[in-house]
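Colleague:
There are 2 protein chains.
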Amino acid sequence: MNETREGDGETREADEGTRETGEVVVLRYGHRPGRDDRMTTHVGLTARAFGADRVILPDNAGQSAETVRGVTDRFGGPFGVELREDQKAIVRNWEGVVVHLTMYGERIQDVEGEIRAAVRADDGRAVGDRGGDARDLLVVVGGEKVPWALYERADFNVGVTNQPHSEVAGLAVFLDRLFEGEELDREWVDADRRVVPEATGKTVVDADDRGRGDTERDDGDAEST
Amino acid sequence: MNETREGDGETREADEGTRETGEVVVLRYGHRPGRDDRMTTHVGLTARAFGADRVILPDNAGQSAETVRGVTDRFGGPFGVELREDQKAIVRNWEGVVVHLTMYGERIQDVEGEIRAAVRADDGRAVGDRGGDARDLLVVVGGEKVPWALYERADFNVGVTNQPHSEVAGLAVFLDRLFEGEELDREWVDADRRVVPEATGKTVVDADDRGRGDTERDDGDAEST
Numbered sequence: 001m002n003e004t005r006e007g008d009g010e011t012r013e014a015d016e017g018t019r020e021t022g023e024v025v026v027l028r029y030g031h032r033p034g035r036d037d038r039m040t041t042h043v044g045l046t047a048r049a050f051g052a053d054r055v056i057l058p059d060n061a062g063q064s065a066e067t068v069r070g071v072t073d074r075f076g077g078p079f080g081v082e083l084r085e086d087q088k089a090i091v092r093n094w095e096g097v098v099v100h101l102t103m104y105g106e107r108i109q110d111v112e113g114e115i116r117a118a119v120r121a122d123d124g125r126a127v128g129d130r131g132g133d134a135r136d137l138l139v140v141v142g143g144e145k146v147p148w149a150l151y152e153r154a155d156f157n158v159g160v161t162n163q164p165h166s167e168v169a170g171l172a173v174f175l176d177r178l179f180e181g182e183e184l185d186r187e188w189v190d191a192d193r194r195v196v197p198e199a200t201g202k203t204v205v206d207a208d209d210r211g212r213g214d215t216e217r218d219d220g221d222a223e224s225t
Numbered sequence: 001m002n003e004t005r006e007g008d009g010e011t012r013e014a015d016e017g018t019r020e021t022g023e024v025v026v027l028r029y030g031h032r033p034g035r036d037d038r039m040t041t042h043v044g045l046t047a048r049a050f051g052a053d054r055v056i057l058p059d060n061a062g063q064s065a066e067t068v069r070g071v072t073d074r075f076g077g078p079f080g081v082e083l084r085e086d087q088k089a090i091v092r093n094w095e096g097v098v099v100h101l102t103m104y105g106e107r108i109q110d111v112e113g114e115i116r117a118a119v120r121a122d123d124g125r126a127v128g129d130r131g132g133d134a135r136d137l138l139v140v141v142g143g144e145k146v147p148w149a150l151y152e153r154a155d156f157n158v159g160v161t162n163q164p165h166s167e168v169a170g171l172a173v174f175l176d177r178l179f180e181g182e183e184l185d186r187e188w189v190d191a192d193r194r195v196v197p198e199a200t201g202k203t204v205v206d207a208d209d210r211g212r213g214d215t216e217r218d219d220g221d222a223e224s225t
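Sequences listed follow chains D and L, in order.
Per full-length UniProt numbering, the very first residue in the first sequence carries number 1; after that it's consecutive.
Per full-length UniProt numbering, the very first residue in the second sequence carries number 1; after that it's consecutive.
And the structure:
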């Protein structure tokens, strides 16, 4: 399971023909197999659901990668999942902006505007809109202790609260604020199925079915993968 | 560890003398010991960090309760942690508004204003401001499969995206939107220690130390409890 498959990220770039700028990538830094499996899976699923383009997981997190790929296959993308062993080098050599989420960092409410400005293209294109001279953004989410060099390399060390809580919670709120909620309206492509939002119900339809007819009851536990 | 200690919640109410309205309480519905320990702990820590007043955990989640109480002791409150076995009854008998977070629910961006209005006091007091005739809010976060009765009892079934991701991510974004970010500025009382937000550093000071002198290096892994 520890193969380094480039996955959907590379497929998408190949489809589009050119490398575009303005990509938002989440890097899970460190992973303890067994103990961290669910947290790492949830980091990957949260990155996907809240609008990142790709997640990079440590190469010993193959099981989490498979789970996230499976969700992307069923519920759509584009979303890339990569397994890489060179976490330090990815951070060191990143050509865009590096944000490190840590409870010791500057307050999200104080720096979120500055972060958006740092990645925004000169033509005013917002973060997440690809192309132009927008800068790529790497969001680093710690697992095990992260090296001091990461604090120094990061353009922004950001505290989503300065309280101990959860790297998954921090990532979700960071992305929701980064995209100013626009990630909630994104459309998913190449999905097999689609949840129909409703006041009382659990309705899942074929992704190409715009009506409500052909419903399917899905696993109620799908959220707690 | 499975004692039903009412904990800080009751202490706080006793301190204040009267039961106030407008409380925001998170209920973790279901818990599988071992498998769910970290997720349940993160639900509790996220509820605390993002402005809820209390978390109610299933009575088999004693270990998670101890961890959340320990963080509250060190980093401050007020925040209540309760272990209760009567999850169904808590939901059924709740006298205020019940929100159930589920990927099948209505879109958060469509209903968040309506939820704030449903709990708001007639004098316009915002959610989280206690007193007056504000209504209490119960936020139910599913673990294991939740019963259909919960979908029916909930005043709002809410999808923080209609994608599979993480109950911790959903709770964090829900609370951040519910409180419109104001939870990020809350002050903590009775804390032993306080993180000093900074661009590059890991500085923790005594909670009553407003300066930067007497610093202590804390465990860098504190966020991934």
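The C-beta atom is built at its ideal place from N, Cα and C for all residues, glycine as well.
Taking only beta carbons into account, state which residues of the region 72-95 of chain L come closer than 9 Å to chain D, listed in chain order.
Modeller: Here the close residues are Arg74, Phe75 and Gly76.
Colleague: Answer with buried or exposed for Arg217 (chain L), where buried requires no fewer than 16 other C-beta atoms within 10 angstroms of its C-beta.
Modeller: Annotation note: pLDDT 42 at Arg217 (chain L) (below 50); position unreliable, coordinate value reported separately. Under a 10 Å Cβ-count criterion, Arg217 (chain L) is classified as exposed, with fewer than 16 other Cβ atoms of the shown protein chains found around its own Cβ.
Colleague: Compare the Cα-Cα distances from Arg92 (chain D) to each of D:Tyr151, D:Glu187, D:Ser166 and D:Ala191 and report the closest residue.
Modeller: D:Tyr151
Colleague: Say whether chain D places a C-beta atom closer than 8 Å to the C-beta of His31 (chain L).
Modeller: Output row for His31 (chain L): interface = no.
Colleague: Where do the N-terminal and C-terminal ends of the beta strand (DSSP E) with Asp206 (chain L) fall, by residue?
Modeller: From DSSP, the beta strand (DSSP E) with Asp206 (chain L) extends over Thr203 to Asp206.
Colleague: Per the contact definition of three or more C-beta pairs closer than 8 Å, is the region 170-188 of chain D in contact with the region 128-148 of chain L?
Modeller: no
Colleague: Helix, strand or coil: how does DSSP classify Glu106 (chain D) here?
Modeller: strand
Colleague: How would you call Gly34 (chain L), buried or exposed, if buried means at least 16 neighbouring beta carbons within 10 angstroms?
Modeller: exposed
Colleague: In angstroms, rounded to a whole number, what distance separates the CA positions of Val97 (chain D) and Arg48 (chain D)?
Modeller: When only Cα atoms are considered, Val97 (chain D) and Arg48 (chain D) end up about 19 Å apart.
Colleague: Verify whether the separation of the beta carbon atoms of Arg116 (chain D) and Leu27 (chain D) is less than 8 Å.
Modeller: no
Colleague: What's the C-alpha gap between Gly132 (chain L) and Gln163 (chain D)?
Modeller: 30 Å
Colleague: Classify Ala199 (chain L) as buried or exposed, calling it buried when 16 or more other Cβ atoms lie within 10 Å of its own Cβ.
Modeller: exposed
Colleague: Among the candidates D:Leu83, D:Val195 and D:Thr102, whose CA atom is the shortest distance from the CA of Gly142 (chain D)?
Modeller: D:Thr102
Colleague: Taking all protein chains shown into account, decide if Glu223 (chain L) is buried (16 or more other Cβ within 10 angstroms of its Cβ) or exposed.
Modeller: Here the model assigns Glu223 (chain L) a pLDDT of 42, short of 50, so the residue's position is not dependable and the matter cannot be decided.
Colleague: Mind checking whether Ala118 (chain D) and Gly22 (chain D) have CB atoms under 8 Å apart?
Modeller: Contact: no.
Colleague: What residue range does the beta strand (DSSP E) around Phe156 (chain L) cover?
Modeller: Phe156 to Gly159
Colleague: Would you identify the three-state DSSP class for Glu23 (chain D), choosing helix, strand or coil?
Modeller: When DSSP states are grouped into helix, strand and coil, Glu23 (chain D) belongs to the coil group.
Colleague: Answer with yes or no whether the minimum CB distance from Val205 (chain D) to chain L is below 8 Å.
Modeller: no
Colleague: Compute the Euclidean distance between the alpha carbons of Leu57 (chain D) and Arg84 (chain D), then round it to the nearest angstrom.
Modeller: Their Cα atoms are separated by approximately 6 Å.
Colleague: Does Glu152 (chain L) come within less than 8 Å of chain D when only Cβ atoms are used?
Modeller: Closer than 8 Å to some Cβ of chain D, the Cβ of Glu152 (chain L) qualifies, so yes.
Colleague: Just the C-alpha distance for Glu16 (chain L) and Pro78 (chain L), rounded to the nearest angstrom, thanks.
Modeller: Model confidence at Glu16 (chain L) stands at a pLDDT of 42, short of 50, so the residue's coordinates are unreliable and nothing is read from them.
Colleague: Determine the extent of the alpha helix (DSSP H) in which Gly30 (chain L) is found, giving its start and end residues.
Modeller: Segment: none, Gly30 (chain L) is in no alpha helix (DSSP H) and carries neither H nor E.
Colleague: How is the beta strand (DSSP E) around Arg54 (chain D) delimited, first residue to last?
Modeller: Element bounds for Arg54 (chain D): Arg54 to Pro58.
Colleague: Using the beta-carbon count (16 or more within 10 Å), is Gly70 (chain D) buried or exposed?
Modeller: The residue is exposed, with fewer than 16 neighbouring Cβ atoms inside 10 Å.
Colleague: Along chain L, in chain order, which residues have C-beta atoms closer than 7 Å to that of Asn162 (chain D)?
Modeller: Val195 and Pro197
Colleague: By DSSP's criteria, Gly76 (chain D) is part of a beta bridge. Which residues make up the other side?
Modeller: Partner(s): none; Gly76 (chain D) has no beta bridge.
Colleague: Cβ of Thr40 (chain L) less than 8 Å from any chain D Cβ?
Modeller: By this cut-off, Thr40 (chain L) is not an interface position.
Colleague: Taking DSSP's pairing of strands, which residues face Gly142 (chain D) in a bridge?
Modeller: D:Tyr29
Colleague: Are the C-beta atoms of Gly113 (chain D) and some chain L residue less than 8 Å apart?
Modeller: no
Colleague: Please tell me whether Val139 (chain D) and Leu171 (chain D) are closer than 8 Å, where the distance is taken between their beta carbons.
Modeller: yes
Colleague: Please report whether the beta-carbon of Gln109 (chain D) lies at a distance below 8 Å from any beta-carbon of chain L.
Modeller: yes
Colleague: Measuring CB to CB, does Val99 (chain D) end up less than 8 Å from Asp155 (chain D)?
Modeller: Asp155 (chain D) is positioned such that its CB atom lies closer than 8 Å to that of Val99 (chain D).
Colleague: Apart from the five residues just before and just after Val195 (chain D), which ones in its own chain have a Cβ nearer than 6 Å to its Cβ?
Modeller: Val204
Colleague: Mind listing the chain L neighbours of Ala65 (chain D)? Cutoff is C-beta to C-beta under 8 Å, in chain order.
Modeller: Going along chain L, no residue has its Cβ under 8 Å from Ala65 (chain D), so there is no contact; the nearest lies around 15 Å.
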